[in-house]
Amino acid sequence: MADASERLGFIGLGIMGAPMAANLLRAGYTLTVANRSRPAVDRLVAAGAAAAGGPREVAERSDVIITMLPDSPDVESVVLGPGGLIEGARPGQLLIEMSTIAPATARRAAEALAARGVAALDAPVSGGQAGAEQGTLSIMVGGDEAPFARALPILQVLGKNIVRIGGPGTGQVAKAANQMIVADTISAVAEALLLAARSGADPARVRQALLGGFAGSRILEVHGERMLRRSFQPGFRLRLQLKDVRIAMDAARQAGMRLPVTERAYELLGEVVAAGAGDLDHSALLTAFEAREGIRLAASAEGRGTTTEEG
910 MADASERLGF IGLGIMGAPM AANLLRAGYT LTVANRSRPA VDRLVAAGAA AAGGPREVAE
970 RSDVIITMLP DSPDVESVVL GPGGLIEGAR PGQLLIEMST IAPATARRAA EALAARGVAA
1030 LDAPVSGGQA GAEQGTLSIM VGGDEAPFAR ALPILQVLGK NIVRIGGPGT GQVAKAANQM
1090 IVADTISAVA EALLLAARSG ADPARVRQAL LGGFAGSRIL EVHGERMLRR SFQPGFRLRL
1150 QLKDVRIAMD AARQAGMRLP VTERAYELLG EVVAAGAGDL DHSALLTAFE AREGIRLAAS
1210 AEGRGTTTEE G
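Throughout, the numbering used here is defined as the position within the sequence shown, counted from one, plus 909.
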């Protein structure tokens, strides 16, 4: 049940943020929202939220502020920049930063806010648009135990698998690991379906068989079907997947290691984004393999892929 004494603020009402904010409203929280574009704000105001003119005003009117933004520079601007949250901050507040950003950015924001008496958690999510809408996100949290305990009832409205990883920034490290596995697995699924097609096997039947074995995965289930149907309406955009994998690679460099499998996925993601497909779903990574191999999975209403050779 919502704690009526906690006034929430929410900044970033995109594909993920808007349904997350709507779930908090439905749970009974008082909510103030802000976003770069107005239509998403208007929809939530119609559902019972209050509108703010910007991050500073959200901070002034909230006890707990949630941000869900595209990238590290956006978080730096919204939290620490002119007119940012920090200008309206007061001791005793809590920031729950749910964007996927660099661990170093999360730590820098937490340190700056701590100097103002504000606690911060980095709490990136996995589960896509469907998970945001259904309140079933997996949430990886970095930060101290006391603010985590305070945030937990709020996070339980948004997700089902909520794990505190460790101190500030560690939630973002976990999300980087998540995005590595996602990108690498989407790459493997795309290659496998194209191999099946090129070798004369029905890729839809191959996928069906693999789902019952050790190779079965949520990505093979959901994104494999997207590939077979060529249904690339974004649940998570390719350009954001590229950004997330870049964060993982940067983190690896800072840790003094390489990620050769993920580096290959990053290269392929970059090719698809450079070709103008950055706003398609990340399952459209398939098209990078198709372009390289001169083969294409033809869409089928039954989810069965067939191949056609291209030039």
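Beta carbons: idealized from backbone N, C-alpha and C, even for Gly.
CB contact flag (residue i, residue j, <8 Å)
i	j	result
Ser1116	Gly1144	Sequence check: residue 1116 is Arg here, not Ser. No, these two residues do not count as a Cβ contact at 8 Å.
Gly1040	Gly1078	no
Pro964	Gly1001	no
Leu989	Ala1021	yes
Val973	Ser1008	no
Ala1193	Phe1141	yes
Ile1071	Gln1065	yes
Gly1138	Asp1188	Gly is not the amino acid found at residue 1138; the sequence shown has Arg there. In this structure, Asp1188 does not lie closer than 8 Å to Arg1138 by Cβ.
Val1181	Ala1197	yes
Gln1081	Pro1169	no
Ile903	Ile1063	Outside the displayed span of the chain (910 to 1220) sits residue 903, for which this structure offers no information.
Leu1178	Leu1151	yes
Range covered by the beta strand (DSSP E) that runs through residue i
i	result
Thr976	Val973 to Thr976
Ile1204	Ile1204 to Ala1207
Val860	With the chain covering only 910 through 1220, there is no way to say anything about residue 860.
Buried versus exposed call for residue i [16 or more other C-beta atoms within 10 Å across all chains shown]
i	result
Thr1014	buried
Leu1046	buried
Ala1105	buried
Ala998	buried
Ser1035	buried
Pro991	exposed
Gly1203	exposed
Pro948	exposed
Met910	Low local confidence applies: a pLDDT of 49 at Met910 is under 50, so the model's placement there is unreliable, with the coordinate-based value given in what follows. Met910 is exposed by the Cβ-count criterion.
Gln1088	buried
Ser981	buried
Gly1125	exposed
Arg1167	exposed
Ser971	buried
Phe875	One cannot answer for residue 875 here, as it falls past the ends of the chain, which runs 910 to 1220.
Gln1043	exposed
Gly1199	For clarity, residue 1199 is Glu in the given sequence; the question names Gly instead. Burial call: buried.
Thr1216	No answer about Thr1216 holds up, because its pLDDT of 42 lies below 50 and its placement is not dependable.
Gly1068	buried
Ala1110	exposed
Assumed close pair residue i, residue j - CB separation to whole angstroms, cut-off 8 Å
i	j	result
Val967	Ala961	5 Å
Ala931	Val942	About 10 Å; that fails the 8 Å criterion.
Ala1092	Ala1174	4 Å
Ala1018	Glu1006	6 Å
Ala1060	Leu1003	6 Å
Leu922	Tyr938	Leu922 to Tyr938, Cβ: 15 Å. No contact.
Ala1099	Met1158	In fact, because the Cβ distance is near 20 Å, the residues do not count as touching under 8 Å.
Secondary structure of residue i, DSSP reduced to three states
i	result
Ile1074	strand
Glu1006	strand
Arg1155	helix
Phe1198	helix
Leu1030	strand
Ser1035	strand
Gly1040	helix
Asp1188	coil
Arg916	strand
Arg1167	coil
Gly923	coil
Arg999	coil
Arg1139	coil
Ala959	strand
Thr1216	Per-residue confidence for Thr1216 stands at a pLDDT of 42, beneath the threshold of 50, marking its modelled position as unreliable; no derived number is given.
Opening and closing residue of the alpha helix (DSSP H) in which residue i lies
i	result
Met1049	Note, Met1049: premise wrong, no alpha helix (DSSP H); beta strand (DSSP E) at Leu1046 to Gly1051.
Ile1095	Thr1079 to Arg1107
Phe1057	Glu1054 to Leu1067
Val954	Arg947 to Ala955
Glu966	Pro964 to Glu969
Arg1016	Pro1012 to Ala1023
Pro928	Gly926 to Arg935
Asp980	Asp980 -> no alpha helix (DSSP H), and no H or E assigned at all.
Ala1113	Pro1112 to Leu1120
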